[in-house]
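Student: Mind having a look at this structure? Questions to follow.
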């Protein structure tokens, strides 16, 4: 083999290695992330939320401005859908590894008459010790739900539970710029939630 | 008697016996489970598959020591709004068909829960049917 042939082979192998690396690591980063959730095209700050949180302390979503804030509107009397959604968020956060540290999940009660901050504190932490629950004056919660486009309504029922609350079961995501960025539907899988949140963490 | 004929007859007798014992198929429950739940959560949901027996039947009620009261409910979604419907008439279990009680749909609703539901725990739940004999199932508490 001449030294010229050797040089060609070396260059050829080198180019193949470079192409493989590009294909494996660089191209995926160049492709834009396709959100599963519905993207909100707005550059205005997410509407203020300031309610009673763990320990009875007032908590505002702006307290978490360096994090991606995930808002879930639900109630602790709800045995089926709310635990499904919160357990999914907990699994998604775990899947994200270290990036999960930059996610703050907040459950906002749509049943302030029954959900005290004490109940919510224990309830939210059951799913993930970093999760918090917020409650407060029904008028404040009404106003917050309206600006976030969340529908809820207490419905009298034949059930002995007294009343049940019909509510929008979506997840809202506020990005690190404090802007309402994403609405993730109930049907999203753990992986889809993790992928969207990971992208927003950056 | 030839060996092969003896075997054939034995198999025949065994099949006949099996056919007789399953002559009246009963309602069968598969994989009863519930999610872990903190003590402060007033209510919890239990899920399972119910396969109907020979005749149409209905799961009319349920009870459990850990629940102050149990009702049968269904989660329904309309235009993104979730609501829970109380099913006072019970859950129909057609003959031979499997009805799935699963997250986001039909469930046994455990109300005024008196304890935390911890992973690995077995909760004894009594099921009452319109015609089939009542039965007790062990609901496994797990994460998903």
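Chains as they are written, first to last, in the working numbering: chain A, 150 to 351; chain B, 764 to 907.
We put the CB at the ideal spot given by N, CA and C, even for glycine.
Just so you know, these numbers come straight off a predicted model, no measurement behind them.
#1: Give the straight-line distance between the Cα atoms of residue 170 (chain A) and residue 208 (chain A), rounded to the nearest whole angstrom.
#2: Could you tell me whether the stretch 334-345 of chain A touches the stretch 240-256 of chain A, where touching means 3 or more Cβ pairs closer than 8 Å?
#3: Can you check the stretch 159-207 of chain A for any beta strand (DSSP E) of at least 3 residues that lies completely inside it and give the ranges in chain order?
#4: Report buried or exposed for residue 901 (chain B), applying the criterion of at least 16 other Cβ atoms within 10 angstroms of its Cβ.
#5: At a CB distance below 8 Å, what residues from the stretch 292-314 of chain A approach chain B? Give them in sequence order.
#6: With burial defined as no fewer than 16 other Cβ atoms inside 10 Å of the residue's Cβ, what is the status of residue 834 (chain B): buried or exposed?
#7: Taking three-plus beta-carbon pairs below 8 Å as touching, is the stretch 193-211 of chain A in contact with the stretch 317-332 of chain A?
#8: Measure the beta-carbon distance from residue 838 (chain B) to residue 229 (chain A) and round it to whole angstroms, keeping in mind my assumption that it falls under 8 Å.
#9: Taking the alpha-carbon positions, what's the residue 890 (chain B) to residue 828 (chain B) distance?
#10: Residues of chain A with a CB under 8 Å from the CB of residue 844 (chain B): which are they?
#11: Output the distance between the C-alpha atoms of residue 288 (chain A) and residue 259 (chain A), rounded to the nearest integer angstrom.
#12: Using a threshold of 7 Å, state whether the C-beta atoms of residue 333 (chain A) and residue 320 (chain A) are closer than that.
#13: Along the chain, where does the alpha helix (DSSP H) containing residue 830 (chain B) start, and where does it finish?
#14: Can you tell me which of the three DSSP states residue 223 (chain A) falls into?
#15: By the criterion of Cβ-Cβ separation under 7 Å, what are the contact partners of residue 867 (chain B) in chain A?
#16: Enumerate in chain order the residues of its own chain whose CB-to-CB distance from residue 785 (chain B) is below 7 Å, with the five nearest sequence positions on each side excluded.
#17: Look at the Cβ atom of residue 225 (chain A), then the Cβ atom of residue 791 (chain B), and state whether they are nearer than 7 Å.
#18: How would you list, in chain order, the residues of chain A whose beta-carbon sits under 9 Å from the beta-carbon of residue 821 (chain B)?
#19: Thinking C-alpha only, which one of B:847, B:840 and B:818 is nearest residue 860 (chain B)?
#20: Rounded to whole angstroms, what's the CA-CA distance from residue 304 (chain A) to residue 795 (chain B)? Just pull it up for me.
#21: Output the distance between the C-alpha atoms of residue 245 (chain A) and residue 347 (chain A), rounded to the nearest integer angstrom.
#22: Taking Cβ positions, are residue 874 (chain B) and residue 831 (chain B) nearer each other than 7 Å?
#23: Please state whether the Cβ-Cβ distance between residue 184 (chain A) and residue 345 (chain A) is less than 7 Å.
#24: Terminal residues of the continuous alpha helix (DSSP H) containing residue 293 (chain A)?
#25: Could you name the residues of chain C that residue 905 (chain B) contacts, counting a contact when the two beta carbons are closer than 8 Å?
#26: Less than 7 Å between CB atoms is the rule here; does residue 272 (chain A) satisfy it with respect to chain B?
#27: Please list the terminal residues of the continuous beta strand (DSSP E) segment that includes residue 798 (chain B).
#28: Return the CA-CA distance between residue 887 (chain B) and residue 296 (chain A), expressed in angstroms with no decimal places.
#29: So what does residue 282 (chain A) bridge to, in DSSP terms?
Tutor: Based on what the coordinates show:
#1: Approximately 46 Å, taken between the alpha carbons.
#2: The stretch 334-345 of chain A is in contact with the stretch 240-256 of chain A.
#3: Counting only runs of 3 or more residues that sit fully inside the stretch 159-207 of chain A, the beta strand (DSSP E) segments are 199-201, in chain order.
#4: The residue in question, residue 901 (chain B), is exposed, as its Cβ has fewer than 16 Cβ neighbours within 10 Å.
#5: So the close ones are 300, 304, 306, 307, 308, 309, 310 and 313.
#6: When all chains shown are included, residue 834 (chain B) counts as buried.
#7: Result yes; three or more Cβ-Cβ pairs closer than 8 Å.
#8: That pair is a contact at about 5 Å.
#9: Using only the alpha carbons, I get a separation of about 13 Å.
#10: Within 8 Å Cβ-Cβ: 300, 315, 316, 317 and 318.
#11: Cα to Cα, residue 288 (chain A) sits roughly 11 Å from residue 259 (chain A).
#12: In terms of Cβ geometry, residue 333 (chain A) and residue 320 (chain A) form a close pair [threshold 7 Å].
#13: From DSSP, residue 830 (chain B) is part of no alpha helix (DSSP H) but of the beta strand (DSSP E) over 830-841.
#14: Shown here, residue 223 (chain A) sits in a strand according to DSSP, grouped into three states.
#15: The contacting residues are 229, 230 and 233.
#16: Here the model assigns residue 785 (chain B) a pLDDT of 46, short of 50, so the residue's position is not dependable, and the following value carries that caveat. Around residue 785 (chain B): no qualifying Cβ.
#17: Going by C-beta atoms, residue 225 (chain A) is not nearer than 7 Å to residue 791 (chain B).
#18: Within 9 Å Cβ-Cβ: nothing; residue 821 (chain B) doesn't reach chain A, min ~17 Å.
#19: The candidate whose alpha carbon is nearest that of residue 860 (chain B) is B:818.
#20: Using only the alpha carbons, I get a separation of about 29 Å.
#21: If you draw a straight line from the Cα of residue 245 (chain A) to the Cα of residue 347 (chain A), it comes to about 6 Å.
#22: Yes. Within cutoff.
#23: Yes; because the gap between Cβ atoms is below 7 Å, this pair is in contact.
#24: Per DSSP, residue 293 (chain A) belongs to the alpha helix (DSSP H) from 287-296.
#25: Absent here is chain C; the protein component of the structure consists of chains A and B.
#26: Yes, contact with chain B.
#27: Looking at the DSSP string, the run of the beta strand (DSSP E) that includes residue 798 (chain B) is 791-798.
#28: Taking the straight line joining both Cα atoms gives about 44 Å.
#29: Answer is A:256, bridged to residue 282 (chain A).
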